[in-house]
Amino acid sequence: MSNVNEYKTLTANGLWENNPALVQLLGLCPLLAVTGTVTNGLGLGIATLLVLMGSNITVSLVRDWVPNEIRIPVFVIVIATFVTLIELLMNAFTYGLYTALGIFIPLIVTNCAIIGRAEAYASKNPWHKAGFDGFVMGLGFALVLVLLGGLREIIGQGTLFDGADLLLGPWAASLRMELIQFDYPLLVAILPPGAFIGLGLIIAVKNGIDLQRKRRAAKQPIAKAQRARVTSQ
Amino acid sequence: MSFYIASSPHAHQRRTTQHIMLWVLLALIPGLAAQCYFFGWGPLLQITVAVTVALITEAVILIVREKPLRATLGDFSAVVTAVLLAISIPPLAPWWVIVIGTLFSIGIVKHVYGGIGQNVFNPAMAGYVLLLISFPVQMTSWMPPSTLATFELNFIDSLWLFFTQYTSEGYSLEQVRLIELTQSLDAIVMATPLDEIKTQLSQGYTLTEIKRSDVFSGIAGTGWLWVNLGYLVGGLLLLYKRIIQWHIPVALLASLAFFAALGSLFAADQLPGVSLHLLSGGAMLAAFFIATDPVSAATSNRGKLVYAALIGMLIYIIRTWGGYPDAIAFAVLLANMCVPVIDYYTRPRAYGHGGKAL
Numbered sequence: 001m002s003n004v005n006e007y008k009t010l011t012a013n014g015l016w017e018n019n020p021a022l023v024q025l026l027g028l029c030p031l032l033a034v035t036g037t038v039t040n041g042l043g044l045g046i047a048t049l050l051v052l053m054g055s056n057i058t059v060s061l062v063r064d065w066v067p068n069e070i071r072i073p074v075f076v077i078v079i080a081t082f083v084t085l086i087e088l089l090m091n092a093f094t095y096g097l098y099t100a101l102g103i104f105i106p107l108i109v110t111n112c113a114i115i116g117r118a119e120a121y122a123s124k125n126p127w128h129k130a131g132f133d134g135f136v137m138g139l140g141f142a143l144v145l146v147l148l149g150g151l152r153e154i155i156g157q158g159t160l161f162d163g164a165d166l167l168l169g170p171w172a173a174s175l176r177m178e179l180i181q182f183d184y185p186l187l188v189a190i191l192p193p194g195a196f197i198g199l200g201l202i203i204a205v206k207n208g209i210d211l212q213r214k215r216r217a218a219k220q221p222i223a224k225a226q227r228a229r230v231t232s233q
Numbered sequence: 001m002s003f004y005i006a007s008s009p010h011a012h013q014r015r016t017t018q019h020i021m022l023w024v025l026l027a028l029i030p031g032l033a034a035q036c037y038f039f040g041w042g043p044l045l046q047i048t049v050a051v052t053v054a055l056i057t058e059a060v061i062l063i064v065r066e067k068p069l070r071a072t073l074g075d076f077s078a079v080v081t082a083v084l085l086a087i088s089i090p091p092l093a094p095w096w097v098i099v100i101g102t103l104f105s106i107g108i109v110k111h112v113y114g115g116i117g118q119n120v121f122n123p124a125m126a127g128y129v130l131l132l133i134s135f136p137v138q139m140t141s142w143m144p145p146s147t148l149a150t151f152e153l154n155f156i157d158s159l160w161l162f163f164t165q166y167t168s169e170g171y172s173l174e175q176v177r178l179i180e181l182t183q184s185l186d187a188i189v190m191a192t193p194l195d196e197i198k199t200q201l202s203q204g205y206t207l208t209e210i211k212r213s214d215v216f217s218g219i220a221g222t223g224w225l226w227v228n229l230g231y232l233v234g235g236l237l238l239l240y241k242r243i244i245q246w247h248i249p250v251a252l253l254a255s256l257a258f259f260a261a262l263g264s265l266f267a268a269d270q271l272p273g274v275s276l277h278l279l280s281g282g283a284m285l286a287a288f289f290i291a292t293d294p295v296s297a298a299t300s301n302r303g304k305l306v307y308a309a310l311i312g313m314l315i316y317i318i319r320t321w322g323g324y325p326d327a328i329a330f331a332v333l334l335a336n337m338c339v340p341v342i343d344y345y346t347r348p349r350a351y352g353h354g355g356k357a358l
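In structure tokens form, the structure reads like this:
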């Protein structure tokens with residue numbers, strides 16, 4: 001029974017309460033750099049998810065044999081191994097996306113969300129829980145990547161799923177949707193500032209929803225007058 | 001007989017945000033008049049749309065944020081932002097350009113940071129940069145000064161161009177922008193003087209050759225000279241009324257002039273000189289109206305000098321080696337980012353604290 005609860009908490013944490021991208025603000029470099037389109041976001045999201053699951057499970061399995069003093073180098077080597085695997089797989093099967101994402105696939109190694117989960121959760125919990133945690137955390141990260149990619153693609157290009165065939169094979173070329181026909185698209189959405197502004201707005205919406213929920217739960221105004229501390233006591 | 005006893009200050013001057021903003025608007029008039037004389041009805045159309053959008057945006061956001069509507073709407077700060085943005089962009093840029101710019105300036109740059117008095121960046125300039133990097137073509141399509149233009153644009157034509165990009169007879173903006181040069185048979189599309197210098201220099205012409213073009217007259221760009229003088233007059237009025245202090249304009253112009261003079265000392269025929277830098281682009285507008293924004297500028301007097309000198313230097317650097325012809329907006333935003341550091345190191349010494357150890 002408590003097991004089910006634990007999985008529930010893990011899911012809620014990964015997808016919402018402790019979302020790696022929106023709350024922990026980890027892995028911003030790939031998040032901001034590659035989310036120009038949904039396809040890029042999805043590709044990098046899946047890659048990160050797989051690495052996160054693999055590294056979490058492995059770290060959890062070896063945790064009893066790794067001395068505390070050298071745990072970080074061991075984690076890094078484990079993560080680097082999985083990233084190399086993913087990179088070679090993408091090179092083999094989704095070459096177009098591999099070239100589109102470029103340096104950001106090897107850079108998954110430096111994604112703090114991955115080593116953060118290894119340190120904070122996987123090194124203290126059994127492998128199945130660690131694997132599940134990796135899965136939901138990766139999913140939460142991937143969802144934000146896709147959402148941000150979608151927003152930026154719509155505003156900056158007027159399309160959705162542009163270049164999906166790079167990721168999913170030739171059949172996906174028909175997924176491409178031309179939503180709005182811009183004569184002059186808002187280029188800034190595709191450029192890096194658009195990523196920062198877009199992420200900021202998404203975080204603001206998330207915080208707004210949280211605030212609403214808290215208010216509804218409390219059923220009374222939460223903004224109580226608080227005593228300001230005027231003297232140093 | 002009873003004396004009313006109050007502590008100092010005893011001499012008051014009622015000066016509200018509303019007062020200051022109204023004076024700023026008033027002081028913009030000479031420059032604006034020159035701009036309208038040389039570039040037609042465009043600036044007025046831009047201002048009308050910008051102010052409308054700014055006020056509506058401000059009102060909607062104030063309602064959403066549950067802030068008092070009348071006090072903030074009535075202080076004209078949004079109007080000043082809108083007007084500054086509207087006169088910075090090309091006079092006949094399409095209407096949606098100014099709408100997007102104003103929405104961004106007021107909605108994101110001003111209110112996301114907390115509304116009036118809280119914004120880190122100058123709203124008008126942040127809006128300008130957004131537009132410049134999003135719509136490079138529209139944002140560099142300046143009109144030729146009316147003294148050179150082949151087309152006489154009346155109000156109706158300007159209105160048509162503004163909303164549909166074509167005049168009522170079907171001429172496009174590109175065609176309207178053509179000018180005939182006296183010394184060549186070709187008609188060329190008008191560029192701003194700084195733009196013209198940049199392109200021609202990159203093609204290997206020297207400054208003396210470039211300045212023979214009709215785009216330049218005497219010491220600076222045709223038309224632009226008078227626009228800048230207009231803003232200078234307005235700026236002096238603000239100084240006289242003590243709406244702004246002398247630190248920022250003087251430091252900005254001095255630093256820009258210093259680097260321009262240094263440049264012409266080393267490469268007189270490749271780098272534009274002092275007069276071109278001060279009188280051809282938006283230097284005067286920047287010095288007196290944009291950099292002096294009290295919210296995003298440095299606070300102490302010493303800080304203001306550093307801040308404005310930094311802007312002047314950045315303007316020179318970006319104009320000379322950067323990718324965009326004019327650099328006011330980028331320079332101001334970059335300096336805005338440095339303001340916390342500048343403020344930290346230029347904190348005035350409180351009487352009785354700090355100072356030299358004995």
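Going line by line, the protein sequences match chains A and B. Start counting the first sequence at 1; every next residue gets the next number (the working numbering). Start counting the second sequence at 1; every next residue gets the next number (the working numbering). Cβ atoms here follow ideal geometry from the backbone N, Cα and C, with glycine treated the same way.
Worksheet item: Expressed to the nearest angstrom, what Euclidean distance is found between the alpha-carbon atoms of residue 233/A and residue 133/B?
Response: Because residue 233/A carries a pLDDT of 46, less than 50, the predicted location of this residue cannot be relied on, and no value is offered for it.
Item to complete: Out of 129/A, 137/A, 209/A and 203/A, point me to the one whose CA is closest to residue 7/A's CA.
Response: 129/A
Discussion item. Suppose contacts are defined by Cβ-Cβ distances below 8 Å. Is residue 35/A in contact with residue 163/A by that definition?
Written reply: no
Worksheet item: Shorter than 8 Å from the beta carbon of residue 180/A to some beta carbon of chain B?
Response: No, no contact with chain B.
Worksheet item: Can the beta-carbon of residue 17/B be found closer than 8 Å to that of residue 50/B?
Response: no
Fill in: Segments assigned alpha helix (DSSP H), at least 4 residues, entirely inside the segment 103-147 of chain B
123-134 and 136-139
Item to complete: Below 6 Å CB to CB, which residues in the same chain sit around residue 84/B once its five sequence neighbours on both sides are set aside?
Response: So the list reads 124, once near-sequence residues are dropped.
Worksheet item: When the Cβ atoms of the segment 128-148 of chain A are set against those of the segment 45-52 of chain A, are three or more pairs found closer than 8 Å?
Response: yes
Item to complete: Can you pull the chain A residues whose beta carbon is under 7 Å from the beta carbon of residue 134/B, in chain order?
Response: 186, 187 and 188
Worksheet item: Along the chain, where does the alpha helix (DSSP H) that runs through residue 3/B open and close?
Response: Looking at the DSSP string, residue 3/B is not in any alpha helix (DSSP H), and its letter there is neither H nor E.
Worksheet item: Ends of the alpha helix (DSSP H) at residue 196/B?
Response: According to the DSSP assignment, residue 196/B belongs to the alpha helix (DSSP H) that extends over 193-202.
Practice prompt. Can you tell me which of the three DSSP states residue 240/B falls into?
Written response: helix
Item to complete: Using only alpha-carbon positions, find the residue among 257/B, 234/B, 237/B and 22/B that is nearest to residue 276/B.
Response: 257/B
Worksheet item: In or out: residue 69/A buried (at least 16 other Cβ within 10 Å) or exposed?
Response: The residue is exposed, with fewer than 16 neighbouring Cβ atoms inside 10 Å.
Item to complete: Quick one: residues in its chain with C-beta nearer than 7 Å to the C-beta of residue 20/A, no 5 flanking neighbours on either side, listed in chain order?
Response: So the list reads 26, 27, 113, 137, 140 and 141, once near-sequence residues are dropped.
Worksheet item: Looking at the C-beta of residue 138/B, does it have a partner C-beta in chain A at a distance below 8 Å?
Response: Residue 138/B counts as touching chain A.
Practice prompt. Indicate whether at least one CB of chain A lies closer than 8 Å to the CB of residue 108/B.
Written response: yes
Practice prompt. In angstroms with no decimal places, state the Cα-to-Cα distance between residue 151/A and residue 198/A.
Written response: 8 Å
Practice prompt. Could you round the C-beta distance between residue 297/B and residue 339/B to whole angstroms and report it? I think they count as a contact, below 8 Å.
Written response: 7 Å
Worksheet item: With which residues is residue 178/A paired in a DSSP beta bridge?
Response: 159/A
Worksheet entry | Same chain only: Cβ atoms within 7 Å of residue 1/A, ignoring 5 sequence neighbours per side | A caution first: residue 1/A carries a pLDDT of 46, below 50, which makes its placement in the model unreliable, though a value can still be read off. The answer is none, since no qualifying residue turns up.
Worksheet entry | Spatial distance of residue 134/A from residue 180/A (CA atoms) | 37 Å
Practice prompt. Since I believe residue 305/B is in contact with residue 251/B (beta carbons under 8 Å), could you give me their beta-carbon distance rounded to a whole number of angstroms?
Written response: 5 Å
Discussion item. Counting beta carbon pairs with one atom in the segment 54-66 of chain A and one in the segment 106-121 of chain A, are three or more of them shorter than 8 Å?
Written reply: Contact holds: three or more Cβ-Cβ distances are below 8 Å.
Worksheet entry | Backbone CA spacing between residue 43/B and residue 212/B [nearest angstrom] | For residue 43/B and residue 212/B, the distance between alpha carbons rounds to 28 Å.
Fill in: Closer than 7 Å at the beta carbon, the chain A residues around residue 334/B
Result: empty, since nearest Cβ-Cβ is about 14 Å, beyond 7 Å.
Discussion item. So for residue 280/B, helix, strand or coil by DSSP?
Written reply: Of the three classes helix, strand and coil, the one that applies to residue 280/B here is coil, per DSSP.
Worksheet item: Which residue from 63/B, 57/B and 136/B puts its Cα closest to that of residue 104/B?
Response: 57/B
Worksheet item: Using a Cβ cut-off of 7 Å, which residues of the segment 16-33 of chain B contact any Cβ in chain A, in chain order?
Response: none
Discussion item. Let me make sure I understand the geometry here. Which of 107/B, 12/B, 354/B and 207/B has the alpha-carbon closest to that of residue 55/B?
Written reply: 107/B
Worksheet item: Taking the alpha carbon of residue 118/B as the point to measure from, which residue in 155/B, 320/B and 336/B has its own alpha carbon closest?
Response: When only C-alpha atoms are compared, the closest one is 336/B.
Worksheet item: Cα-Cα, which of 88/B, 239/B, 114/B and 354/B is closest to residue 130/B?
Response: 88/B
Worksheet item: Can you list the residues of chain B that residue 191/A reaches, using a CB-CB cut of under 9 Å?
Response: Proximity of chain B to residue 191/A at the Cβ level (cut-off 9 Å) is accounted for by 133 and 134, in chain order.
Worksheet item: Secondary structure at residue 8/B, three-state DSSP: helix, strand or coil?
Response: coil
Worksheet item: Could you give the uninterrupted runs of the alpha helix (DSSP H) lying entirely in the segment 2-37 of chain A, keeping only those of 4 residues or more?
Response: 2-12 and 28-33
Worksheet entry | residue 103/B: contacting residues in chain A (beta-carbon distance under 8 Å) | Chain A residues near residue 103/B: none, gap ~11 Å exceeds 8 Å.
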